[in-house]
Amino acid sequence: MKRGKRIRAFIIFMAPSFLGVVIFVILPFADVMKRSFTTAVTGNFTGITNYIIVFHNQAFLIAVKNTVKFTLICIPLLVFIGFLIAMPLSGLKNGGVVKSIYLFPMAMPTATIVIVWKMVFYKEGFINLVLTEIGKWTGSWGEVHTGYLDTDAAFWVLVCSYIWKNTGYTVVLWLAGILGIPSELLDAARVDGAGKYKRIWYIILPNLKSTLYTIVILSFLNSFKIYREAYLVSGAYPHKSIYLLQHTFNNWFVNMEFDKMAAAAVCTGFFLLAVILLLQKVWDRDEV
Amino acid sequence: MRNGKQIEKKDKTKQKIKQNVNQAFVLGILILPGIFVIFPVIILITGSFMDQYELKEYLSPIFMENLSYVSWKLMPDYPSFGNYKKLLFQDPSFFILFWNSIRMTACILGGQLLVGVPAAWAFAVYKGRAGKILFAFYVVLMLLPFQVTMLSNYLVLNKLFLLNTQKAVILPAIFSTFPIFLCYGGFRSIPVQLFEAARVDGAREWNIFLQIGLPLGKTGILSAIVLGALEYWNMMEQPMAFIDDKSMWPLSLYLPEITWAKAGYAFCASFITLIPAIFVFAMGQDYLEQGIVYSGLKE
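So, in structure tokens, the structure goes:
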């Protein structure tokens, strides 16, 4: 195909999407960048004042800390749990049911299960009921009345619901990766006398690097959606341990503090860009 | 000689049985966590069939602050269709919200296909050096969370006088870059030689797209529809930020507003909201899985 013709076809097929992206993303984001250097109401140029304010804002700093902590705990945990399920599942002949079960939470709208979550995690909820029963049965402790949503435990409630919702696609991705490894490789290793765990360590895992990259990227993308659970269960101002970056942005938005929001959006945007590029680089280097 | 063969056969059946037992055991362990998945659904269903007095008895510990615990019964003592009756026949607002959700989801998906499928085709077939850079840029756009783009969305919607309309949610979502990668995955799985052959036969690019690309790449498109339907049925951040008028809200925003006092109503509304999602999941699970694999962004 001639170069000119190819380029023309590319432009024609690409045009509607690209126009939309320019109008709805690129131009307004340029505006946001401009606003991050001006005051909210009058629009006077203020230099980097907004950035300084944002980085001295207590709420923002707590939110950044919590969000980073959440990501650093959840993603490795999710990757590990997914692999733990996918590995035995790959050897099963009829594992379809299992896959469906783990995938199903992905389909459940957050709003529909919030009422159940509340019943589970409230002070008088199911978890404490079960713990109390166990305590009575073993005689080692009395009634349990821990509040899970208004203490530091709230953080772990979020971690659990994140794992609950996201394990499914992790398993699917690991499975696709494991089943994509040529069986000759595994057979050859078996003939050479490599045991099950040796095969996992030396053949399967090294072949799954690109799968790992995909899983990390996708679970990162989905980790921001945990805001729905956090917001629905504890509102706009939850316990300090689950006050996330998303809360900060939302509260600034509601209070029309656009100058801070602009500066924070620019910082977060460029930070994420750097992380993505870094991950891509690490991945590309391993490919060669 | 014969004896030896028999023993070998016996060993083989023994091994087979052992293997089957092993498989069943692994299957059993893997299914076990399924309780956590089924449990919320069962609570929703049973709760929706209880009348308000029974629910009050079970749930009162939550809002009464006495020191007992919530309880539950898998079979309601006084099963009642009262909540469904109220929701479906006596309360028009639920219907309005239900259609809001359906309309928004359908408009977004339709628009995404119109815009995204050609774009995916362009990336899959005509991508040159500049196309590669644009592709990387689209990947970054896909990964930016809503909170980062919230202000820029607001600014442009404000300029176009779209705030507080459903278009404020629909239009930006149409230009989301996520479905493009799913469709791209589908198009990339078509062997390039097919296009070459068609070109040699004198087919025009537009016809290649319509007659080869669309039918053979439909897995990617269908997986974009399935993943998109589940995603936008569950959409919360965007309408919460851009629509003030509650009569235009989708169901996903309305459900959490129902108070404990009307718990039966909430269970019932939640279950009805869950039904379309279950339907899409049951019909499209294969495409859902394929879509997840396609979203792997392999060039």
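Listed in order, the protein sequences are those of chains E and G.
So for the first sequence, my numbering puts the first residue at 944; every next one is plus one.
So for the second sequence, my numbering puts the first residue at 8; every next one is plus one.
Each residue gets a CB set at the ideal place from its N, CA and C atoms; glycine is no exception.
Keep in mind it's a predicted model, so treat the numbers as computed, not measured.
Point to revise | Contact list for L37 (chain G) against chain E, beta-carbon separation under 7 Å | key: The answer, in chain order, is I1028, P1031, L1032, V1041.
Point to revise | For K174 (chain G), the first and last residue of its enclosing alpha helix (DSSP H) | key: 174 to 181 is the extent of the alpha helix (DSSP H) around K174 (chain G).
Practice item. Thinking I1106 (chain E) and L1020 (chain E) are a contact (beta carbons under 8 Å), I'd like their distance in whole angstroms, please. Key: 7 Å
Practice item. Could you check which residue in G:M247, G:M290, G:L258 has the C-alpha nearest to that of I279 (chain G)? Key: The shortest Cα separation from I279 (chain G) among G:M247, G:M290, G:L258 belongs to G:L258.
Exercise for review: Could you check what DSSP says for T1110 (chain E) in three-state terms: helix, strand or coil?
Suggested key: helix
**Study point:** Expected contact under 8 Å - CB spacing of V122 (chain G) and F182 (chain G) to nearest Å
**Key:** 6 Å
Review point. Can you list, in chain order, the residues of the stretch 999 to 1027 of chain E whose Cβ is nearer than 9 Å to any Cβ on chain G?
Key: none
Practice item. Identify which residue in E:F980, E:S960, E:Q1189, E:G963 has its Cα closest to the Cα of F153 (chain G). Key: Nearest to F153 (chain G) by C-alpha distance, out of E:F980, E:S960, E:Q1189, E:G963, is E:Q1189.
Review point. In or out: Y133 (chain G) buried (at least 16 other Cβ within 10 Å) or exposed?
Key: buried
Review point. If we cut at 9 Å on Cβ distances, does I1242 (chain E) have a partner in chain G?
Key: Residue 1242 (chain E) lies beyond the range of chain E shown here (944 to 1231); nothing can be said about it.
Review point. Mapping DSSP to helix, strand and coil, what is F988 (chain E)?
Key: strand
Point to revise | Closer than 9 Å at the beta carbon, the chain E residues around R206 (chain G) | key: Identification of chain E residues near R206 (chain G) by a Cβ-Cβ cut-off of 9 Å yields M944, ordered along the chain.
Review point. Taking the C-alpha atoms as reference points, what is the distance between S1184 (chain E) and F998 (chain E)?
Key: 19 Å
**Study point:** Assigned exposure category for F1214 (chain E) - 16 Cβ within 10 Å defines buried
**Key:** exposed
**Study point:** The alpha helix (DSSP H) enclosing T184 (chain G), as first and last residue numbers
**Key:** Premise fails: T184 (chain G) is in no alpha helix (DSSP H) and is neither H nor E.
Check your understanding: Can you find at least 3 beta carbon pairs, one from the stretch 160 to 178 of chain G and one from the stretch 271 to 289 of chain G, that sit closer than 8 Å?
Key -> No, they do not touch.
Practice item. Starting from the Cα of V1087 (chain E), find the closest Cα among E:I966, E:L1155, E:E1067, E:A1173 and give me that residue. Key: E:E1067
Check your understanding: Can you give the beta carbon distance from F56 (chain G) to P83 (chain G), rounded, assuming they're within the 8 Å contact cut?
Key -> 5 Å
Check your understanding: Taking 9 Å as the CB-CB limit, is V1100 (chain E) close to chain G?
Key -> No, no contact with chain G.
**Study point:** Rounded separation between K1108 (chain E) and P1048 (chain E) - CA only
**Key:** 5 Å
Exercise for review: Answer with yes or no whether the minimum CB distance from E296 (chain G) to chain E is below 9 Å.
Suggested key: A Cβ of chain E is located within less than 9 Å of the beta carbon of E296 (chain G).
Check your understanding: Can you tell me the Cα-Cα spacing of S1162 (chain E) and I299 (chain G), whole angstroms?
Key -> 12 Å
Check your understanding: Whole-angstrom Cβ separation of S1043 (chain E) and I1121 (chain E), contact assumed at under 8 Å?
Key -> Not confirmed; about 18 Å, so no contact.
Review point. Taking Cβ-Cβ distances shorter than 8 Å, what residues in chain G pair up with P1181 (chain E)?
Key: Per Cβ cutoff of 8 Å: no residues; P1181 (chain E) is ~14 Å from chain G at best.
Review point. Tell me which same chain residues have a C-beta within less than 7 Å of the C-beta of I1024 (chain E), skipping the five on either side of it?
Key: Here the set comprises I1106, T1110.
Point to revise | P382 (chain G) versus A126 (chain G) - alpha carbon distance | key: Residue 382 (chain G) cannot be examined here, being either before or after the span of chain G that is shown, 8 to 306.
Check your understanding: Any beta-carbon of chain G closer than 9 Å to the one on S1177 (chain E)?
Key -> no
Check your understanding: Going along chain G, which residues have a C-beta under 7 Å from G1233 (chain E)?
Key -> What is shown of chain E runs 944 to 1231, which leaves residue 1233 (chain E) out entirely.
Exercise for review: Report yes if the CB atom of N241 (chain G) is closer than 9 Å to the CB atom of A1054 (chain E), and no otherwise.
Suggested key: yes
Practice item. In angstroms with no decimal places, state the Cα-to-Cα distance between V1231 (chain E) and I1160 (chain E). Key: Since pLDDT at V1231 (chain E) reaches only 44, below the 50 mark, its modelled position is unreliable, and no value is offered.
Exercise for review: Would you give the residue range spanned by the alpha helix (DSSP H) that E1200 (chain E) belongs to?
Suggested key: First-last for E1200 (chain E): undefined, no H or E at that position.
Check your understanding: Considering only residues of the same chain and omitting the five flanking positions on each side of F105 (chain G), which have a CB-CB separation below 7 Å?
Key -> Once the five neighbours on either side are set aside, the close Cβ partners of F105 (chain G) are L258.
Practice item. Taking M957 (chain E) as the reference, give the member of G:Y145, G:K21, G:F88, G:Y60 with the closest Cα. Key: G:Y145
Practice item. Output the distance between the C-alpha atoms of A1050 (chain E) and I49 (chain G), rounded to the nearest integer angstrom. Key: 16 Å
Point to revise | Bridge partners - T981 (chain E), DSSP secondary structure assignment | key: E:F988, per the DSSP bridge assignment.
Check your understanding: Of all the options G:A131, G:E238, G:F168, which has the alpha carbon lying nearest to the alpha carbon of I250 (chain G)?
Key -> Put simply, of G:A131, G:E238, G:F168 the residue whose alpha carbon is nearest the alpha carbon of I250 (chain G) is G:F168.
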